[in-house]
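**Student:** Take a look at this one; I'll ask things after.
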Amino acid sequence: MAEQIPFSIAENLLTKLASIASEEINLVYGFKNDLRKLQTTLSTIKAILIDADEKQEESRAVKDWIRRLKEVVYDADDLLDDVATEGLRRKVEGQGRVVRKVCDFFSSSNQIAFRFKMSHRIKDVRERLDEVAKEMSDFGFIIRKEVGVDMRIKSSWRETDSFVLKSEIIGRDKDKEEIIKSLMCPVNQSNISVAAIVGFGGLGKTALAQLVFNDEKVVNYFDLKLWVCVSEESNVEMLVKLILKSATSKEVPNLSLEQLQIELRQCLEGKKYLLVLDDVWNINNRIWSQLRKYLMVGAIGSRILVTTRSTRVALAMGVDCPYALEGLTEDQSWDLFEMLAFREGTSRVNSNLIEIGKEIAKKCKGVPLAIRTIGAIMQLRSSESEWLSILENELWKVFESDSDIGPVLKLSYDDLPYHLKQCFAYCAMFPKDYEFDEEDLIQLWMAQGYVQSRSQSKDENLEEIGEGYFNELLFRSFFQKEKYCYKMHDLINDLAQSMAGESCFVLDDNTKYVPNRIQHVFSGNLSFEECFKQLKNRGLRTLYCHYYGDKLSLYLDSIFLNCRSIRALSLRCYINKLPDSIGKLKHLRYLGLVGNREISSLPNSICNLYNLQTLILQECWGFQKLPTDMRKLICLRQLIICECHSLEFMPLGLGRLTNLQTLSTFVVGSDEGRRCSSLNELNSLNQLRGTISIQGLENVKNAALESNQVNLKEKKHLQSLSLEWRDSDGGNSELLLDNLHPHPKLKHLDVHCYGGLRFSNWLSSITNLVNITLYECPKCEHLPPLDNLPHLESLDLTLFDSLEYISDEDNLFSALSASTTTFFPSLKFLNINVCRNLKGWWRTCMEAKMVPQFPCLSHLMISYCPNLTLMPTFPSLDMRLDLCDVSIRPLQRTLQMAAMASALPSASSSVTAPFSKLKSLSLHGIENLASLPGEWMQNLSFLEELFVGHGMEISDEDERGIFKWRCLVSLRRLTLSNLSNLVSLPRELQYVTTLQSLSIRRCSNLRALPDWIGNLTALENLNIDDCPELESLSRGIRQITTLQRLSIRGCPRLSESCGHDTAADWPNISHIPNVRIDERDIQKEGRYLLCFIYLCCCTTKTEAPGLLKQAGLQLRLAYEEASVCDFLNN
C-alpha cells in the first residue's frame, strides 16, 4: 500500500507562503526570513516528489520518508493557515470603521504574543522539514517532470490480438449484437464512421471487440478486417505501420510517412473494412485528423471500432454515443465463476462450496477479469475454510498478492496527473455503493486545497476547475453515472483505498477504534459510540457523518475541541443544535447540515470561521434564522439553502459576501424590528451562478426603494431564477417584477403567485430562455410575446384565472408578417393547466390557413381549459398528447389543417400523417371524440401508452368503435379509468398482442373479463382497482404465461374469488409469481405466503422452523421473516 504524495498540499503551501510573505508583512514581522527558508526547502522537495512516488514501490525506506514528509507538510499547512486566518480576522474586524495604521491595529501585547507563538511554530516546522530534506541525498532522488504512466511498461504486458475462444466468454451476447448493429447500420453510409466501447479496466472491452471481430455476420459483411493494439503512445507513422502490418500480415519496412500513407491507401482503397483500435488511452487531435484522412479511401460503410477507458477519447474521435459497457449480471457472474473454479462441473462438489462460490462471485460485482482471477485462485483450493477465508476478506487484498486485476486497474490510476490522483484517492473515504453528488464532492476537494488555479487570472473559477477534475475522472471511468448521482464500482473503490493508504477510513460495525494517522473519516451509523469518544485526532481533516440518529450531538463538543484541523464537516444526522465550540475550527472550509430537522439556528460563533467556503443547509425543516454576523464570512463561496421552509429572513450585510458563487435561496423577511437584508443587498453579488430562488416577495412593502438596486441584469452567470410570492395580492407586484429584470443569458425562469395584471415586457428580451414556468398568477390578463424566443423549449402556464388570450392580436400579426421569424422555433414541451377562462391563443379569430403551427412540439398537455378553442396546430407531436376536460376543437383543427396540407399538389410524398410517431396519448373527459375523422386513430402505429378516462365512450361493437385497436401495433401500456359505461372490454383489444400492462380503474359497471384475454400473450402486469361489480377472472388468464404481477384493490367480489389458494379463481391465477390483493401480498416471487399464517397459528415458536423446512420453505426474504416472527410473537 503506497503512501499518498501530498502534491496538491505542497503546491498550496508554496502559494500561501508567497501570499503571506508579500501581503501580511505586519503579521510575519520577525520571522519572515524563516518563511523564505521554508519556501526554498519546500520547493526543492516538491521538485523530486514524482521520483519519490515511483521509488516508494520498491523501497520501504522511501515510503517511510514520504510518511514523515506528509506529517511535516500537513503541520506546515495548519501553521500557515493560522497566519492567513489571523490576517482575515484583521481584515474583517477592520471593515466598517476608521482603520488606524496597520502596525497599530492590534494592541502591542497581542501582536507580540502572536508573533512569539508563530515564530516558535515556524522554527519547529522549518527544522523538521530540513531534517526530511537532508535525507533526500540518501535516496538519490532526481528532478522529473510529470509524464503519466510509463507506456513501455503498459504495452509490454498489454499487447492484444483478435483471437478469442468464444466458449470462454459468458454474458456478452446482447452487447455483441448491439455493437454489430451499430457497425452494420445502414443509416450512416459515410466512407468511415467510428464506434467505441468504453469502460474501466477488466470489464471485458477487448473480449467484446474480439467477439464482434470474429462474428460470422461481421466476417461476411466486411471485405477486410484489421486489428491494432494501441496501448502505447503513438504517432501517425507508428499507427500507419501497425495498420499495414495487420492488413498484410508482414513486417513493414522503415519508410517515410509519405511512402507509408501511399501503401496504406492502396491497401484500403475501395474496400469496406473494419479496423479495431484496441486499448486507446489518449488521442491527439492532430494525429487523429491526419490518420482519418488516410483512412477515408475505404468503401462506404467502412467502420472503426475503438476500445478505451476514457469517454473523452471516444468523443475526440467523433463518437456521439459511446457504448458504455456494464458488468455481468449475478447469474452470468456465477456461470463464469463456476466454469473456472469447477473445471469438471459441480455434480461432485460439496454443496457448501457452491453456496460460498455464489457469494464470492457476487462480490466481484460483474467484472469479468475479477471473476476470472478469483475463479483461477479457487480452482486450486478445496477446503471450505479456505473458501470462507476468501469470502470474508476484501477481494482487493486477494488481488494485490498475485493477479492481473490489480495492475490493470492501477494502470488507470498511474496515468492520472497528480492533482487528479489526490482527488481520486480522497474518494476512498466513501463506503462501497455510496452515492455522491458532483457539486458536493467538488466542494469537499476545494476544502482540502486540492483544486488549484493554474494561473493568476481572476477570471478563473475554482468551481469550474473542480468540475473539470470531476469530468476527467468520469470520462476515465473512475466514476459511474447513476440517475441523479454518481458511484464508484466496488473494485474502483478498492483501488482508491489502496492508493489512499491510511489517510481515509470508513467506520463500520466492526470498528473498535480510529487510528491516529487518519485524516478523512466517514461514519454511516453510531453502533460504535466508543469511536467518537476516542476521536481526538489532531490531524483529522474530514468528518463526514451520514447517520440519521440523535446521539452524535453528545460528542460534537469533544470532537470540535480535540480535532482542530478539520477542513470539511458534514453532519447528515439529527442534532438539536451545534455547540459554540464549532467556532474553534478555524481551518473549516466546508460545513454541511443535511436532514437536521430539529435545528432552528446556528451559533453566532460560526461567524468566526473566516475560511468557510461552503455552508449547506438542506432539509432542515425547522431552521428559522442564519447568524447575525454572517457578513464576516468573507471567503464564503457557496451558501446552499434547500428545503428549509421555516427560514424567515436573510441577515443584514449579506451583500458584503462578494465571493459568493451560489446563493440558492434568498428570503425577503417581514420587517418586524429585525435586521433583515433587503433585496438591494443582492446588488454587489455579481459572481452568483447556477440557481437562485427569491422567496417572500410579498414582504416587499416599497418596491421603488427596496428593489431599485437589485441589479439582476449584471449577474451574467445565473442560469436559473425563481421568483416566489406566498400570496397574489397585487400591491407592488408589477413594479417589483420590472425591477427584477435578469441578464439575457438566463436559461430557466419560474414565477409563483405573481399578483400583477400584466407580465413584465423584459420576458420577451431574455433570448437565452429555455424553460418558462408561470404558476398561479390569478390576476394576470396580459403576457408579452413569447413566440420569438429562439431557444425556448418548455412553456408551462398553470392557474391563470383571468387570462383569456395568450397573445394580443397586434403581436400576432407583427409576428406573422416577419418572414424571418419562426413561430416558437424550439418549443418542445407545452403545458396549459387550469386556465378556465382561456379562450384562445389570439384575441382575433383567423382563417384556418393563417393559423401557425408549432414546428417541433413533442409534448402537449392541456388540462381543465374548457373554453380554449383556438390555438396553433401541432401535427409534429411525437412524444405525448394529454387532453383533459378541454374542447375537441384544437385537435380537430390540427387534423383538418394536416389533411388540407397533404391534399395540396405541392405536398411531398414524404409528408407524414399527424401523430404517426406519437408515443403516449391520454384522453380524459373529451366530448364529441367521434366527430374526428376516423383515420386519425389508424395513424397511431407508434403509440406505446394510452390512457382513456372519465366519460369517454368505448364500445364493444368493433364497427362503431372510436378506437381502432388493431392499428395500435406498438401499444405497451393501456389504462381504462372512470368509464361507467364500460361493461366489457372491447373485442378488438384482443389483437393488441404487444400489450404488456393493462390497468382498469373505477369502471363501476364492468362485470367480467372476456375469455379472449388469453390472447394478450405479452401481458406482464394486470391491475384492477375499484371495480365493485367485477366478480371473477377469466379462465383465459391461465394462457398468459408472461404475466408477472396481478394487483386487485377495492373489488370485494373479486377479492373473495381470488384471495387464497382454495378460492374459486385461484387456479386461474396461481401461475402468476406476484399476486397482491387489497394491499396484501398473497404470492411473492412464486412463493405462496398465506401458508405462513396457517403454520404460525398452529405452531409454537420452536416447531415453526422445522415445519417450514419440511414444507420446503426458506426464511430468506426479510419480509417473510418479519411476517413469521410477528405472528409467532402475537
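Start counting the sequence shown at 269; every next residue gets the next number (our numbering). Built from N, CA and C at the ideal position, the CB exists for glycine as well. Since this is a predicted model, take the numbers as computed values, not measurements.
#1: Check for me: the beta strand (DSSP E) holding GLN1351 runs from which residue to which?
#2: Leaving out five residues before and five after SER932 in sequence, what residues of the same chain have Cβ atoms less than 8 Å from its Cβ?
#3: Would you say ASN697 and PHE790 are within 8 Å of each other, going by their C-beta atoms?
#4: In this structure, does DSSP put ARG1355 in helix, strand or coil?
#5: Let me confirm a value: ALA1166 is counted as buried when at least 16 other C-beta atoms fall within 10 Å, else exposed. Which label applies?
#6: In chain order, what residues of the same chain have a beta carbon less than 6 Å from the beta carbon of ASP443, not counting five sequence neighbours either side?
#7: Given a threshold of 16 other Cβ atoms within 10 Å of its Cβ, counted over all protein chains shown, does ILE1337 qualify as buried or as exposed?
#8: My output table needs one value for CYS1133: the three-state DSSP class, helix, strand or coil.
#9: Please report the Cβ distance between LEU525 and VAL565, rounded to the nearest whole angstrom; I am assuming they are in contact, meaning their Cβ atoms lie under 8 Å.
#10: Helix, strand or coil: which one does DSSP assign to VAL1119?
#11: Going by the DSSP bridge assignment, what does VAL466 pair with across the sheet?
#12: Please check the pair ALA836 and ALA693, which I expect to be a contact at CB under 8 Å, by giving their CB distance rounded to whole angstroms.
#13: Beta carbon of TYR1132, beta carbon of LYS1107: below 8 Å?
#14: Applying the criterion that 16 or more other CB atoms from any shown protein chain within 10 Å of the CB defines a buried residue, is ASN1196 buried or exposed?
#15: Looking only at DSSP bridge pairs, what is GLN963 linked to?
#16: With burial defined as no fewer than 16 other Cβ atoms inside 10 Å of the residue's Cβ, what is the status of THR1112: buried or exposed?
#17: Taking the alpha-carbon positions, what's the GLY634 to GLY923 distance?
#18: Assign TRP993 to one of three DSSP states: helix, strand, or coil.
#19: Would you grab the beta carbon distance between LEU1242 and LEU1263 for me? Rounded to a whole angstrom, and I think it's under 8 Å.
#20: Name the two residues that bound the continuous beta strand (DSSP E) containing LYS493.
#21: Can you tell me whether GLY923 is helix, strand or coil according to DSSP?
#22: Which one of LEU1151, GLY1217, GLY1219 and PHE1142 has the shortest CA to CA distance from PRO1182?
#23: Check whether the segment 466-474 touches the segment 399-411, counting contact only when three or more Cβ pairs, one atom from each stretch, lie closer than 8 Å.
#24: Do you know offhand how far TRP333's Cα is from ASP848's?
#25: Residues bridged to GLU1213 by DSSP?
#26: Measuring CA to CA, which of LYS561, SER1252 and SER1265 is closest to GLU1212?
#27: Going by beta-carbon coordinates alone, are HIS1011 and LEU980 separated by less than 8 Å?
#28: What runs of the alpha helix (DSSP H), each 4 residues or longer, lie entirely inside the segment 731-768?
#29: Does ASN482 come out as helix, strand or coil in the three-state DSSP assignment?
#30: For the beta strand (DSSP E) that LEU883 lies in, which residues bound it at each end?
#31: Looking at the structure shown, is ASP319 part of a helix, part of a strand, or coil, going by DSSP?
#32: To the nearest angstrom, how far is the alpha carbon of PRO1158 from that of LYS845?
#33: Count the other C-beta atoms from every protein chain shown that fall within 10 angstroms of the C-beta of HIS1328, then say buried if there are 16 or more, exposed otherwise.
#34: For the beta strand (DSSP E) that contains ALA836, what are its first and last residues?
#35: Is THR597 near the ligand SAH, judged by its Cβ being under 7 Å from some heavy atom?
#36: Kindly list the residues whose CB is nearer than 6 Å to the CB of PRO274, restricted to its own chain and excluding five residues on each side of it in sequence; keep chain order.
**Tutor:** Concretely, from the data shown:
#1: 1348-1352
#2: LEU907, ILE908, ILE909, CYS910, GLY958, THR959, ILE960 and SER961
#3: A small correction: the amino acid at residue 697 is Met; Asn does not occupy that position in the sequence shown. Yes, Cβ-Cβ distance for MET697 and PHE790 is below 8 Å.
#4: strand
#5: buried
#6: LEU476
#7: buried
#8: strand
#9: In fact, because the Cβ distance is near 16 Å, the residues do not count as touching under 8 Å.
#10: coil
#11: THR576 and ALA592
#12: About 15 Å; that fails the 8 Å criterion.
#13: no
#14: exposed
#15: VAL935
#16: exposed
#17: 52 Å
#18: coil
#19: 6 Å
#20: 492-497
#21: helix
#22: PHE1142
#23: no
#24: 39 Å
#25: SER1188 and ARG1241
#26: SER1265
#27: yes
#28: 758-768
#29: helix
#30: 882-886
#31: helix
#32: 57 Å
#33: exposed
#34: 836-840
#35: Among the ligands in the structure shown, none appear at all, so the ligand SAH cannot be discussed.
#36: LYS338 and VAL341
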